[in-house]
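**Student:** My structure is below; once you've seen it, I'll send some questions.
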Amino acid sequence: MATAAHPSTPLTVPAARGTCPFDPPPAYEQARGDQGLTRVRLWDGSSCWMVTRHADIRSVLRDRVFSADSSRAGFPFLSPGRRALTTDRPSFIRMDDPEHARLRRMLTADFMIRKVASMHEGVRHLADELLERMAAAPDRTADLVAEFALPLPSMVICLLLGVPYSEHAFFQRCSSTMLRTDASPAEVTAAQREILDFLTALARERRSAPDDGIISRLAAAGELPDEEIASMGRLLLVAGHETTANMTSLSVLTLLRDPEQADRLREAARRDAAGDGDALDTAVEELLRYLTVVHSGTARVAVEDVMVGGTLVRAGEGVLCMLNAGNRDEDAFPDGGRLDLERPGARRHLAFGFGIHQCLGQPLARLELRVALPAVLDRLPDIRLAAPFESLRFRHEMGVYGLHELPVAW
Amino acid sequence: MQVHVDQDRCCGSGMCVLTAGAVFDQRDADGIVVLLAEHPAKQDWDDVREAESSCPSQAITVEEDQAAG
């Protein structure tokens, strides 16, 4: 590579994006074309390996030689806040099997495909209601994030967990602080503590006044202390609304910028309504691949020496898997920089991660996107951007990429 | 073609059900993989191979028939 960084000045990650806000940082895409893994530097001056190729990311994330346990020496942290977060009740995404499997399996039935499919009508009803309320705005403008993209998945995950949606301002503020890579350790630990205390109290309350939510069921099962239930609840609450919310708003923006692909989505939605959902499935997978909102790097540490993509990773060395770079890898996705809602094999994307920690809620995320995107285009056929594209604020500093606001008009 | 699943390794992602729904299902109790067809029909072979490679926890193993090359 002609412009490869000099070996004595390694790339610092997370790196900045280039001119197109939908594309991964150019430095990641360049590294993908280089030999082996890339040595990178973190905020604290430590070094780790960056993994950018699709095949290498798959092999790292499904190899049990790589641990997700952030208490192990050498585990790479993306920010001071991230490091602080993992000292207070880490959830099972920061554990290895068998502890991880024991906890995850208490939740797998809630998110299995058949169970989630049964929620379709309920999610569609919520989406229609939100859009109806939004469409009533007299000036025919709204922030799609605040009025639709964020409340929809927030309401759904609250229903599943048995968390009162009336508390949404509170937990959205906490999760937003926890996801900010520029937040101080004190800020993120305080936000996490607030949410854990809230959910611990809720678990206690559900023991005497049960409902049909997940927290109530875990509390009734009596296998876990309230603090552990709170930790699982926090993971589901944060992951359950931030990811889909940002995928929804970013997808709508992408489609507003690309009318041809928006027409393809409309056509896919028409076929879905007529009983053939394959095209809509593919369209959603392609948007997940192209946008990859979990963008800051999935961290692991090697527990034994292991070869990855021609590079020896030694025991105790950290790796960061750049899912957004892997999802543009030409070897896995020819012409990967182009959005093609009819792309064959789009489902091979890494947007939900890979390995035993692959997103537990992925069937729910797919369902929400399958409902939300056609609903927006159907209810607001003349939807357009209500601010200059250049003025939009993208979530560069957040663990989940997306938009802070999406002003639209119709 | 012969398919094996390892229910201890399975993490319940459901990728196999999305990819080859005629061959894989999820247990109601915990979403763990259930094999519907140990010897899948030829028309499903490509999907089964894709399910093997896209299984995040390597819980699926496919044995190709020798004769089929």
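So the sequence lines, in the order shown, correspond to chains B and S. Residue numbers 1 to 410, in UniProt numbering, belong to the letters of the first sequence in order. Residue numbers 1 to 69, in UniProt numbering, belong to the letters of the second sequence in order. Positions of the beta carbon are idealized from the N, C-alpha and C atoms, including for glycine.
Grab the span of the alpha helix (DSSP H) containing residue 241 of chain B for me, first residue to last.
**Tutor:** It spans 226-257 - the alpha helix (DSSP H) in which residue 241 of chain B sits, taken as one unbroken run.
**Student:** Can you tell me which residues form a DSSP beta bridge with residue 143 of chain B?
**Tutor:** B/407
**Student:** Answer yes or no: does any C-beta atom of chain B fall closer than 9 Å to that of residue 69 of chain S?
**Tutor:** Summary for residue 69 of chain S: the model assigns pLDDT 44, below 50, so the residue's position carries little reliability; its value from the coordinates is reported in the next sentence. So, not an interface residue.
**Student:** Taking only beta carbons into account, state which residues of the region 335-366 of chain B come closer than 9 Å to chain S, listed in chain order.
**Tutor:** Of all residues in the region 335-366 of chain B, 345, 347, 348, 352, 353, 354, 355, 356, 357, 358, 359, 360, 362, 363 and 366 have a Cβ within less than 9 Å of some Cβ in chain S.
**Student:** Starting from residue 25 of chain S, trace the alpha helix (DSSP H) in both directions and tell me its first and last residue.
**Tutor:** Segment 24-26 is the beta strand (DSSP E) holding residue 25 of chain S; no alpha helix (DSSP H) there.
**Student:** Mind checking if residue 281 of chain B is an interface residue toward chain S, Cβ cutoff 9 Å exclusive?
**Tutor:** For residue 281 of chain B, a Cβ of chain S is located within less than 9 Å of the residue's own Cβ.
**Student:** Let me make sure I understand the geometry here. Which of B/408, B/52 and B/243 has the alpha-carbon closest to that of residue 30 of chain B?
**Tutor:** B/52
**Student:** If you reduce the DSSP assignment to three classes, tell me which class residue 55 of chain S lands in.
**Tutor:** coil
**Student:** Is DSSP giving residue 392 of chain B helix, strand or coil here?
**Tutor:** In the structure shown, residue 392 of chain B falls within a coil segment according to DSSP collapsed to helix, strand and coil.
**Student:** Could you please give me the residues that DSSP links to residue 45 of chain S through a beta bridge?
**Tutor:** DSSP output for residue 45 of chain S lists no bridge partner at all.
**Student:** Which ranges would you report for the alpha helix (DSSP H) in the region 146-186 of chain B if only whole runs of at least 4 residues count?
**Tutor:** 151-161 and 168-179
**Student:** Can you grab the Cα-Cα spacing for the pair residue 248 of chain B / residue 342 of chain B, in whole Å?
**Tutor:** A straight line joining the alpha-carbon of residue 248 of chain B with that of residue 342 of chain B spans about 19 Å.
**Student:** Specify, as a first and last residue, the run of the alpha helix (DSSP H) that residue 82 of chain B falls within.
**Tutor:** 80-85
**Student:** Given that a residue counts as buried once 16 or more other Cβ atoms are within 10 Å of its Cβ, and exposed if not, what is residue 61 of chain S?
**Tutor:** When all chains shown are included, residue 61 of chain S counts as exposed.
**Student:** Following the continuous alpha helix (DSSP H) through residue 2 of chain S, name the residue where it begins and the one where it ends.
**Tutor:** Segment 2-5 is the beta strand (DSSP E) holding residue 2 of chain S; no alpha helix (DSSP H) there.
**Student:** What is the DSSP secondary structure of residue 300 of chain B, reduced to helix, strand or coil?
**Tutor:** strand
**Student:** For residue 387 of chain B, which of B/46, B/106, B/141 and B/219 has the nearest alpha-carbon?
**Tutor:** B/141
**Student:** Check whether the Cβ atoms of residue 401 of chain B and residue 306 of chain B lie closer than 9 Å to each other.
**Tutor:** no
**Student:** For the alpha helix (DSSP H) containing residue 121 of chain B, list its first residue and its last residue.
**Tutor:** 120-135
**Student:** Do we get a CB-CB distance below 9 Å when we pair residue 16 of chain B with the residues of chain S?
**Tutor:** By this cut-off, residue 16 of chain B is not an interface position.
**Student:** Which whole-angstrom value is the C-beta distance of residue 30 of chain S and residue 105 of chain B, which I expect to be below 8 Å?
**Tutor:** 5 Å
**Student:** From what residue to what residue does the beta strand (DSSP E) around residue 64 of chain S run?
**Tutor:** That residue, residue 64 of chain S, is in no beta strand (DSSP E); it is neither H nor E in DSSP.
**Student:** Please state the DSSP three-state secondary structure of residue 50 of chain B.
**Tutor:** Of the three classes helix, strand and coil, the one that applies to residue 50 of chain B here is strand, per DSSP.
**Student:** With a cut-off of 8 Å on the beta carbons, I'd call residue 339 of chain B and residue 258 of chain B a contact; round off their distance for me.
**Tutor:** 6 Å
**Student:** Between the alpha carbons of residue 139 of chain B and residue 16 of chain S, how many angstroms are there, rounded?
**Tutor:** 47 Å
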